[in-house]
Amino acid sequence: HSMILWGPPGVGKTTLARILAHAFDAEFTPLSAVFSGVKDIREAVERAQMAAARGRHTILFVDEVHRFNKSQQDAFLPFVEAGLFTFIGATTENPSFEVNAALLSRAQVYVLKPLTDADLEALFVRARSAGVLAGLELDAAARAVLAGYADGDARRFLNLLEQTRTAARAQQVQRIDTAFLENVLTLNARRFDKGGDAFYDQISALHKSVRGSHPDAALYWLTRMLDGGADPHYLARRLVRMAWEDIGLADPRAAEVALNAARTYDMLGSPEGELALAQAVIYLAVAAKSNAGYNAYNQARAFVKQGKSREVPVHLRNAPTRLMKELGYGHAYRYAHDEPHAYAAGETYLPEGMDEPGWYQPVPRGLEQKISDKLAFLRQLDADAARPAGPKKT
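Residue numbering for the sequence shown is 5 to 398, as defined by our numbering.
Quick look at the structure:
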């Protein structure tokens, strides 16, 4: 059946497709979406038709299928439906977004995971048996370092072995240890696609670790993203967002810490400025959490978008001219600072006919606990003001 192989680079998508073609004794026709167009697709279809005439089935393999636009992807549909060939597409991007729905509905998606350290160790043994190392000896610690640099990518792992072999020959070194590797190898960027799933998965993990009050996890994901080449300015902006979205008024200092970290990074740059981001992440993770303001704003937005426009109550309107004063603008407005507790108990501020919505519900944590107590006190003043006065005593 047709399929989409989804996984990071170097996990064997192309190899698996070739194995399937060999196992089913099928013609293997590869295409690269980077270098191919509609003309190449048409030629591949013609080859499949010729193979079918000889009684041979074709497996059409499209590498980086996400690079094809919608019309190019649609070109495969009639032939997939007719069974002319088995379509196998390989992609490093989420097929839900990068493969059009018509093609995706006709293919089974298989998710390929990064290679484990055990997988890379097995690959090392095979490479050594094939003579790739040319007699070099790598201790266990050195192999672990290479596996870490490879980050689950077999192709990168083999390239690192070749770099190691070349450097060892140049320096006439026979035994490879971690010190040698640190001197001759440049640390490649980890698996981190700045516009793809790895990016959004990791920023999601960072945000949720902060929200979940786990400083070590939050620090890990921040460091992973910095190590992978994420723009620190983007991360700084996300920290400010987290402060307002998940901490809010439970700890208003969190926003100050996040903003100061962003300014510090602007001043110092990398790597010194990254420490400010790290400490901001820790602060946000351990701060009291509240999404009360976030929820209140979203409810207010939804209400305003769905509801009709409501007039400002006359007593709240500004009255800079005599005409406006004659129309009653600002009449009977009560200046809060002249009232007990600086609060005009019983005063109305919402449009006429609009009930109290109760959008803002402070949580019993951090500063919002005090805010909750304050609001309860003010509501009691309102209730007292609305209560009819009893008969005067004589």
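For each residue, glycine too, the CB sits at the ideal point set by N, CA and C.
To the nearest whole angstrom, what separates the beta carbons of Asp235 and Lys293, a pair I think is in contact under 8 Å? Between Lys293 and Asp235 the Cβ distance is about 26 Å, and since that is not below 8 Å, they are no contact.
Please report how far the alpha carbon of Ala134 lies from the alpha carbon of Thr182, in whole angstroms. When rounded, the distance between both Cα atoms is 23 Å.
Report all residues from its chain with a CB closer than 7 Å to the CB of Ala284; omit the five preceding and five following residues, and keep chain order. Around Ala284: Leu243, Val261, Ala262, Ala265.
Return yes when the Cβ of Leu9 is within less than 9 Å of the Cβ of Tyr114, no when it is not. Yes.
Does Met54 come out as helix, strand or coil in the three-state DSSP assignment? Three-state DSSP puts Met54 in a helix.
Runs of alpha helix (DSSP H) lying entirely within the segment 195-254, each at least 4 residues, in chain order: List check, alpha helix (DSSP H) in window: 201-215, 219-231, 236-246.
State the Cα-Cα distance for the pair Val290 and Arg241, rounded to the nearest angstrom. When rounded, the distance between both Cα atoms is 19 Å.
Between which two residues does the alpha helix (DSSP H) carrying Met7 extend? Membership of Met7 in any alpha helix (DSSP H) is not indicated; the residue belongs instead to the beta strand (DSSP E) covering 7-10.
Might you give, ordered along the chain, the residues of its own chain that have their beta carbon closer than 8 Å to the beta carbon of Gln53, omitting 5 neighbours on each side? Excluding residues within five positions, the ones whose Cβ falls inside 8 Å are Leu88.
For Lys17, count the other beta carbons within 10 Å of its own beta carbon; 16 or more makes it buried, fewer makes it exposed. Which is it? It counts as buried.
Indicate whether the contact test is met: 3 or more Cβ pairs, each with one atom in the segment 87-102 and one in the segment 57-65, closer than 8 Å. The segment 87-102 makes contact with the segment 57-65; the number of CB pairs closer than 8 Å reaches 3 or more.
Run through DSSP, which three-state label would Gly370 get? DSSP places Gly370 in helix when its eight states are reduced to three.
So the alpha helix (DSSP H) Pro13 belongs to, where does it begin and stop? Careful: Pro13 lies outside any alpha helix (DSSP H) and carries neither H nor E.
Let me know the secondary structure DSSP gives Ala380 once reduced to three states. Ala380: helix per DSSP, three-state reduction.
For Pro99, report the span of its alpha helix (DSSP H) as first-last. That run of the alpha helix (DSSP H) goes 99-102.
Between Met271, Ala25, Ser100, Arg160, which has its C-alpha nearest Val69's C-alpha? Selected option, being the one with the closest Cα: Ser100.
Do Leu226 and Leu281 have their C-beta atoms within less than 9 Å of each other? Cβ distance < 9 Å, so Leu226 and Leu281 count as in contact.
Tell me the rounded alpha-carbon separation between Phe128 and Phe80. In a straight line, the C-alpha of Phe128 is about 39 Å away from that of Phe80.
Between the beta-carbon of Leu116 and the beta-carbon of Pro12, is there less than 9 Å? It is a contact, given that the beta carbons lie within the stated cut-off.
Just to confirm the assignment, what range does the beta strand (DSSP E) spanning Gly93 have? Residue range 89-95 is occupied by the beta strand (DSSP E) that includes Gly93.
How close, in whole Å, do the beta carbons of Arg321 and Tyr333 come, if the pair is a contact with beta carbons under 8 Å? With a Cβ gap of about 4 Å, Arg321 and Tyr333 count as contacting.
Tell whether a beta-carbon distance below 9 Å holds between Ala296 and Pro344. Their beta carbons are not under 9 Å apart, which means Ala296 does not touch Pro344 by this criterion.
Beta-carbon contacts of Ala389 that lie in its chain and below 8 Å, excluding the five residues immediately before and after: Once the five neighbours on either side are set aside, the close Cβ partners of Ala389 are Ala349, Gly350.
For Thr33: DSSP bridge partner residues: For Thr33, which the question treats as bridged, DSSP gives the partners Leu64.
Residue span of the beta strand (DSSP E) that contains Gln112, given as start and end: Unbroken beta strand (DSSP E) run through Gln112: 112-115.
If the criterion is Cβ atoms closer than 9 Å, does the pair Ala144 and Leu119 meet it? Between Ala144 and Leu119, the C-beta spacing is not below 9 Å.
Where are the beta strand (DSSP E) runs, 3 residues long or more, that stay fully inside the segment 251-289, in chain order? No beta strand (DSSP E) of 3 residues or more sits fully in the segment 251-289.
Neighbourhood of Ala259 by C-beta, 7 Å cutoff - its chain only, sequence neighbours within 5 removed: Apart from the 5 residues on each side of it in sequence, Ala259 sits with its Cβ closer than 7 Å to the Cβ of Val244, Ala247, Trp248 in its chain, given in chain order.
Would you kindly report the start and end of the unbroken alpha helix (DSSP H) that includes Gly152? From DSSP, the alpha helix (DSSP H) with Gly152 extends over 144-154.
How close, in whole Å, do the beta carbons of Gln112 and His5 come, if the pair is a contact with beta carbons under 8 Å? Between His5 and Gln112 the Cβ distance is about 6 Å, and since that is below 8 Å, they are a contact.
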